[in-house]
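Participant: Counting in the working numbering, the sequence shown runs from 1 upward without gaps.
Quick one: this structure, given as structure tokens, is what I'll be asking you about.
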Amino acid sequence: LTIDFDPQATLSHSMGLADVSEEHTVWGIMARDLIRETERMNARTAGAESGRQIAARRLPPSVSDTGLGELRATDFIKPTCWPTIDIVPSCANAAFVEFASAQYRHLNPEWSFFAAVSRWLDTLPDDAYDMVIFDCPPAIGYQSMNAVFAADVLYVPSGPGYWEYDSTTSFIGQLAEALSDLSDFGAEFPAGKSKLPKEFLDVRFLLTRYEPGNELHRAMRDAFGKVFGDRMTEHPIEHTRAVEQSGRFLSSIYEIDYRDMTRETWRRARATFDQAYGEFKTHILAAWAKMEGEA
């Protein structure tokens, strides 16, 4: 299962979904969660010790009458061009989720907004999917915090340029501060399998579009290594002619016809992706082993 958190919806488009309504994106999942969590809170008739009636939280009709609260968990999941891959898609209109979520928090300050996707995932059968992959925009927001809170592993890609290095290091610093703020949330809330303070089974950083013959790229790879140490993956994804061709043909490296380029170019491109994927698979299997050990 893939979940597209980015309103640019590049992942959704690459999976063959172009006509998507915002109600069936992550925004819909969060709005549904707000409705259900508010109903759960309102169902508590008295305070824990005092017996005092708890004031009911009211949602405006623009939220409560959308029908999102009645949707099943599977209603947000769409099939793709690949029979073994499903997706929760995104669309441009989902960009307003950041503004809507701020309003939702005002309507119900006790709503643990960052756990909405985690709670939704917990309603799916444990054997429904082998893996759930989140595609997030490079920003700290309500959507990305939902992804981070629900994630067991962080795999962070970055280009080899200086500004990408600066952006990635800044992002990690901001993420650490945001997670620290969540740890102080304080309220009792059903977070399912995810707990506070948030911990990850693994965190890795992957260089993409890397050119080993480029002196600047080599220097920036060393800089990444000094900051992230052994969290840097050993095998970056190299920028090859085949990568450029794949974009032109709207095909992945694994779908492109080797006859459209020299055999050596094709082999080099396949090798760098195979090595990066092999390393990714090793880290994921190790994380699964940790997960089973903690169960």
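Glycine included, each C-beta is placed from N, C-alpha and C at the ideal position.
1. Considering Cα atoms alone, identify which of Gln174, Arg263, Leu71 and Ala139 is closest to aspartate 302.
2. Can you tell which of Glu234, Leu179 and Gly229 has its C-alpha closest to the C-alpha of valine 148?
3. Need the endpoints of the beta strand (DSSP E) that valine 156 sits in, please.
4. Mapping DSSP to helix, strand and coil, what is isoleucine 284?
5. Out of Glu264, Cys81 and Arg270, which one is the CA nearest neighbour of isoleucine 253?
6. Which residues in the same chain have their Cβ closer than 8 angstroms to the Cβ of tryptophan 120, if we skip the five residues on either side of it in sequence?
7. From the DSSP output, which residues share a beta bridge with arginine 204?
8. Threshold first: 4 residues or longer. Then list the alpha helix (DSSP H) segments lying entirely within the stretch 43-94, N to C.
9. Looking at the strands, I want to know which residues DSSP matches up with glutamate 238.
10. Where does phenylalanine 249 fall in DSSP's three states?
11. Report yes if the CB atom of arginine 221 is closer than 9 angstroms to the CB atom of histidine 283, and no otherwise.
12. For the putative contact between alanine 150 and proline 89, defined by C-beta atoms under 8 angstroms, what is the C-beta separation to the nearest angstrom?
13. Here's the rule: buried if 16 or more other CB atoms are within 10 angstroms of the residue's CB, otherwise exposed. What is threonine 272?
14. How is the alpha helix (DSSP H) around phenylalanine 114 delimited, first residue to last?
15. My output table needs one value for methionine 261: the three-state DSSP class, helix, strand or coil.
16. When DSSP labels each residue in this structure, what does methionine 30 get in the three-state scheme?
17. Using the Cα positions of aspartate 257 and valine 63, report the straight-line distance between them to the nearest angstrom.
18. Can the beta-carbon of proline 160 be found closer than 9 angstroms to that of tyrosine 210?
19. Would the stretch 240-247 and the stretch 222-229 be scored as touching if the rule is three or more Cβ pairs under 8 angstroms?
20. If I measure Cβ to Cβ from threonine 2 and keep anything under 6 angstroms in the same chain, skipping five residues before and after, which residues do I get?
21. Report the CB separation of tyrosine 155 from phenylalanine 280 in whole angstroms; it is logged as a contact under 8 angstroms.
Facilitator: Based on what the coordinates show:
1. Limits of the chain in this structure are 1 at one end and 295 at the other, which puts residue 302 out of reach.
2. The sequence position of residue 148 within the sequence shown is 148, counting from 1. Of the listed residues, the one whose Cα sits closest to valine 148 is Leu179.
3. To locate residue 156, count along the sequence shown from 1; it is residue 156. Unbroken beta strand (DSSP E) run through valine 156: 153-158.
4. The residue you call residue 284 lines up with position 284 of the sequence shown. If DSSP states are grouped into helix, strand and coil, isoleucine 284 belongs with the helices.
5. Within the sequence shown, the letter at position 253 stands for residue 253. Measuring from the Cα of isoleucine 253, the nearest candidate turns out to be Arg270.
6. Against the sequence shown, residue 120 aligns to sequence position 120. The residues are Ile29, Arg32, Asp33, Ala73 and Phe76.
7. In the sequence shown, residue 204 corresponds to position 204, counting from 1. According to DSSP, arginine 204 bridges with Tyr155.
8. 61-64
9. As a first step, residue 238 is located in the sequence shown; it is residue number 238 there, counting from the start. Partner(s): Tyr210.
10. Taking the first residue of the sequence shown as 1, we reach residue 249 at position 249. Here phenylalanine 249 sits in coil by DSSP.
11. Here residue 221 refers to the residue found at position 221 when the sequence shown is read from its first residue. Here residue 283 refers to the residue found at position 283 when the sequence shown is read from its first residue. Their beta carbons are not under 9 angstroms apart, which means arginine 221 does not touch histidine 283 by this criterion.
12. If you number the sequence shown from 1, residue 150 lands on position 150. If you number the sequence shown from 1, residue 89 lands on position 89. In fact, because the Cβ distance is near 17 angstroms, the residues do not count as touching under 8 angstroms.
13. If you number the sequence shown from 1, residue 272 lands on position 272. With 16 or more Cβ atoms within 10 Å of its Cβ, threonine 272 is classed as buried.
14. Position 114 of the sequence shown holds residue 114. Looking at the DSSP string, phenylalanine 114 is not in any alpha helix (DSSP H), and its letter there is neither H nor E.
15. Working through the sequence shown from its first residue, we reach residue 261 at position 261. Coil at methionine 261, not helix or strand.
16. Start at 1 with the first residue of the sequence shown, and residue 30 comes out as number 30. Correct three-state label for methionine 30: helix.
17. To locate residue 257, count along the sequence shown from 1; it is residue 257. To locate residue 63, count along the sequence shown from 1; it is residue 63. Distance between the alpha carbons of aspartate 257 and valine 63 is about 49 angstroms.
18. Position 160 of the sequence shown holds residue 160. Position 210 of the sequence shown holds residue 210. A contact, by the Cβ cut-off of 9 angstroms.
19. no
20. Locating residue 2 in the sequence shown gives position 2, counting from the first residue. Hits under 6 angstroms: Ile87 and Ile133.
21. In the sequence shown, residue 155 corresponds to position 155, counting from 1. In the sequence shown, residue 280 corresponds to position 280, counting from 1. Sure, about 7 angstroms apart at Cβ, within 8 angstroms.
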